[in-house]
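Data first, discussion second: the structure below is written as C-alpha cells.
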Amino acid sequence: MLPTLSIGPLAIPAYPFFVLLAFWAGMWLTAHRSEQLGIDGDHAYNAGLYGFIAGIIGARLWFVLSHWENYAGDIGQAFSLSRSALATEEG
0 MLPTLSIGPL AIPAYPFFVL LAFWAGMWLT AHRSEQLGID GDHAYNAGLY
50 GFIAGIIGAR LWFVLSHWEN YAGDIGQAFS LSRSALATEE G
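The structure is reproduced here in C-alpha cells:
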C-alpha cells in the first residue's frame, strides 16, 4: 500500500486515513440500521464518538502504565498530544 495519498499539495498518511474511513463507514451503517429499527441515528453516532474517545484515552492510559519507567520522571509527557505520542503501527 502507498504510505501517503497525495492530492495536489496535500499529503495524507494512508493508514490512519483508511482506519478513520472504516470507522466512519461503520458508524454510518450502524446509524442507518438503527433508523430502520426505529432508533434515532444520532444515538448511534454519539455512542460511536464516545466509544472512540474512550478508546483513545484508554489506549493511552494503558500505554503509559505499561511503560511507567519512561513517564515517572515527567508525568506531563503522559498527557502529550505530540505526533509521536499518538503514533500508530502500520501493517
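Just so we're aligned: 48 in numbering that gives the first Met the number 0 is position 49 of the sequence shown, and the numbers increase by one with no gaps anywhere.
Think of the CB as a built atom: it goes at the ideal place given N, C-alpha and C, for glycine as much as any other residue.
Going by beta carbons, Phe62 and Phe22 fall outside the 8 Å limit.
Ser5 sits in a strand when the DSSP states are folded into three classes. Per DSSP, the beta bridge partners of Ile11 are Leu4.
Annotated as distal: Tyr49 and Ala30, with beta-carbon spacing of 8 Å or more. Shown here, Gly37 sits in coil according to DSSP, grouped into three states, outside any helix or strand.
The C-beta distance from Thr3 to Pro12 rounds to 6 Å, short enough to meet the 8 Å contact threshold.
Less than 8 Å separates the beta-carbon of Gly40 from that of Glu34.
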